[in-house]
Amino acid sequence: MQLSSLRNLFKNIDWILFCSVFLIACAGLVTMNSFAGSSTIFERQTIWLVISTVSFFGMSLVDWGFLKNTRIIITLFALSTAILLLLFVFGSVFKGAQSWFNFGTFSFQPVDVVKLVVVLLLAKYFSRRHMEIANIRHILVSGFYVFVVFALVLLQPDFGSAIIIFLLWLGMVLVSGISKKHLLAVFLVGLVSFGVLWLFVFQPYQKTRIKSFIHPLTDIRGSGYNAYQSTIAVGSGELLGKGIGYGTQSKLQFLPEYQTDFIFAAFAEEWGFVGVMLLFTLYGIIFWRMLRISFRGVGNFEILFGVGLTILFLIHTIIHIGMNIGLLPVTGNTLPFMSYGGSHLLAEFVGLGILMGMKRGGRAVHKDIASNEMVGV
3 MQLSSLRNLF
13 KNIDWILFCS
23 VFLIACAGLV
33 TMNSFAGSST
43 IFERQTIWLV
53 ISTVSFFGMS
63 LVDWGFLKNT
73 RIIITLFALS
83 TAILLLLFVF
93 GSVFKGAQSW
103 FNFGTFSFQP
113 VDVVKLVVVL
123 LLAKYFSRRH
133 MEIANIRHIL
143 VSGFYVFVVF
153 ALVLLQPDFG
163 SAIIIFLLWL
173 GMVLVSGISK
183 KHLLAVFLVG
193 LVSFGVLWLF
203 VFQPYQKTRI
213 KSFIHPLTDI
223 RGSGYNAYQS
233 TIAVGSGELL
243 GKGIGYGTQS
253 KLQFLPEYQT
263 DFIFAAFAEE
273 WGFVGVMLLF
283 TLYGIIFWRM
293 LRISFRGVGN
303 FEILFGVGLT
313 ILFLIHTIIH
323 IGMNIGLLPV
333 TGNTLPFMSY
343 GGSHLLAEFV
353 GLGILMGMKR
363 GGRAVHKDIA
373 SNEMVGV
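Numbering (this note's numbering), first residue to last: 3 to 379.
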């Protein structure tokens with residue numbers, strides 16, 4: 003009887019999705035353990051994985067229909083803004099960015115949770131206005147909300163997270179059905195904004211990273227060092243890899259931040275082309291299952307949240323792998339479920355848990371029930 007009750011309790015869990023995520027997380031742990039030495043990153047990440055897994059199952063039990071309430075979404079947005087502002091007063095500086103709250107035994111980076119709030123905000127906004135997206139007003143209003151978060155993150159300065167927040171907004175606008183004319187206007191505004199950021203906002207090290215992306219081999223001992231060593235690590239893995247614990251680029255510390263920004267390169271060196279293809283397959287399964295769940299959502303809000311969460315993870319994955327193989331500038335982004343760090347891992351599992359909770363009330367025919375939606379955002 004107890005086993006039957008437990009099955010009914012978690013019947014909404016997509017076990018294929020969960021197992022794929024867990025395998026990637028374990029692959030990250032194996033890679034960290036290979037080069038950890040006397041460091042405690044393996045033990046700490048294991049603890050975070052346990053906490054994140056428990057959070058995932060806990061979130062899957064909740065009925066998230068209350069998130070359709072405009073006041074709740076606005077409250078979450080206001081809290082997110084306040085927390086980002088508090089970083090400028092109480093935040094700790096790490097690698098030149100004031101992005102962390104340091105609590106002694108552990109640190110927390112709030113932008114990872116804020117990204118989830120942005121997904122919820124945009125899902126709520128476009129769930130009632132997806133048919134009116136041709137109206138430029140809705141692009142501007144949604145853009146204003148996101149710009150507030152974008153600006154606060156950029157001022158930390160956390161260029162990588164700011165770019166992801168912008169691309170998340172752009173992806174959800176595209177999904178909602180933006181016109182070609184307005185799409186062109188968005189790109190023009192983006193180019194102008196980049197020019198302004200380059201002249202007045204970007205820090206010297208951020209400009210250097212972009213320059214080294216355009217000419218990666220001009221300064222391989224300076225600004226282009228990380229990208230150069232990363233491409234060496236990926237290429238040296240060849241077909242079958244060097245074996246677990248035998249990645250020389252990481253072992254000899256040629257590859258910096260192998261557990262976070264360059265964990266894909268460290269994994270590729272040990273596991274080779276075959277391992278990378280297996281990793282890509284797992285990510286493909288995750289994105290497929292997420293979209294499958296999303297399109298079976300009970301309403302537009304649930305659909306857009308699932309799609310937005312998929313876009314968020316996809317952007318992170320593309321940027322991380324792109325910078326590891328020299329196709330994109332080094333911006334310091336994590337690889338979902340795999341990179342070291344409790345903040346992003348917890349936020350990712352919580353996001354999936356919310357998606358599972360929404361799946362509980364999902365059905366094949368998805369139609370919004372206007373009476374359950376409040377006029378607002």
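No residue lacks a Cβ here, since even glycine has one placed at the ideal position from N, Cα and C.
Going by DSSP, name the residue or residues bridged to residue i.
i, result
"Asn104", "Ser109"
"Phe96", "Ala99"
Whole angstroms are fine: how far does the CA of residue j sit from the CA of residue i?
i, j, result
"Phe339", "Leu347", "6 Å"
"Phe90", "Gly243", "44 Å"
"Trp50", "Gln158", "25 Å"
"Phe196", "Met360", "37 Å"
"Gly30", "Gly286", "17 Å"
"Leu25", "Lys183", "43 Å"
"Ser178", "Ala270", "36 Å"
"Thr83", "Gly145", "15 Å"
"Phe20", "Leu311", "15 Å"
"Leu329", "Thr319", "13 Å"
"Gly192", "Gly162", "16 Å"
"Ile327", "Met279", "15 Å"
"Glu303", "Ser296", "The question names Glu, yet the displayed sequence has Phe at residue 303. Their Cα atoms are separated by approximately 10 Å."
"Leu118", "Ser109", "19 Å"
"Ser57", "Leu201", "43 Å"
"Gly67", "Gln111", "27 Å"
"Ser373", "Trp102", "A caution first: Ser373 carries a pLDDT of 40, below 50, which makes its placement in the model unreliable, though a value can still be read off. Going from the Cα of Ser373 to the Cα of Trp102 covers about 41 Å."
"Thr210", "Phe204", "10 Å"
"Gln261", "Thr72", "39 Å"
"Glu45", "Cys28", "12 Å"
"Gly249", "Ile75", "46 Å"
"Ile305", "Tyr147", "20 Å"
"Val309", "Ile317", "12 Å"
"Ile85", "Asp263", "25 Å"
"Arg139", "Leu284", "39 Å"
"Thr77", "Leu190", "32 Å"
"Ile323", "Phe282", "11 Å"
"Gly353", "Gly247", "32 Å"
"Arg294", "Arg130", "22 Å"
For residue i versus residue j, is the C-beta spacing smaller than 9 Å?
i, j, result
"Leu123", "Phe79", "yes"
"Phe307", "Leu357", "yes"
"Ser232", "Met325", "yes"
"Ile313", "Leu170", "yes"
"Leu274", "Gly239", "A small fix is needed here, since residue 274 is Gly in this sequence, not Leu. Closer than 9 Å, so yes."
"Ile141", "Ile180", "yes"
"Ser22", "Glu350", "no"
"Asp65", "Val113", "no"
"Ser1", "Ala268", "Because the chain in this structure spans residues 3 to 379, residue 1 falls outside the shown range and cannot be described."
"Asn228", "Pro206", "no"
"Leu241", "Val194", "no"
"Ile165", "Thr333", "yes"
"Glu272", "Gly237", "no"
"Val52", "Ser345", "no"
"Leu185", "Leu176", "yes"
Rounded to whole angstroms, how far is the Cβ of residue i from the Cβ of residue j, which I believe are closer than 8 Å?
i, j, result
"Ile167", "Val120", "6 Å"
"Lys70", "Lys126", "7 Å"
"Ile265", "Thr42", "Actually they do not touch by this definition, with Cβ atoms about 17 Å apart."
"Gly106", "Gln100", "Not a contact, Cβ separation roughly 18 Å."
"Leu87", "Leu154", "7 Å"
"Tyr342", "Gln47", "5 Å"
"Phe128", "Met61", "No, Phe128 and Met61 are not in contact; Cβ-Cβ is about 23 Å, not under 8 Å."
"Leu172", "Val198", "So it is not a contact: roughly 18 Å between Cβ atoms."
"Phe59", "Gly299", "Going by Cβ atoms, the distance from Phe59 to Gly299 rounds to 20 Å, so no, they are not a contact pair."
Check whether chain D comes within 9 Å of residue i, counting only Cβ atoms and requiring the distance to be less than that.
i, result
"Thr210", "You won't find chain D in this structure, because it holds only one protein chain."
Pick out the complete alpha helix (DSSP H) segments inside the stretch 106 to 166, 4 residues or longer, and give them in chain order. 113 to 129 and 138 to 156
Going along the chain, which unbroken runs of the beta strand (DSSP E) with 3 or more residues stay wholly within the stretch 276 to 361? none
Enumerated in chain order, which unbroken segments of the alpha helix (DSSP H) with a length of 4 residues or greater are wholly contained in the stretch 70 to 94? 72 to 92
Tell me the start and end of each unbroken beta strand (DSSP E) in the stretch 234 to 273 that is at least 3 residues and wholly inside, in chain order. none
Continuous alpha helix (DSSP H) assignments of at least 4 residues falling wholly in the stretch 9 to 53: 17 to 37
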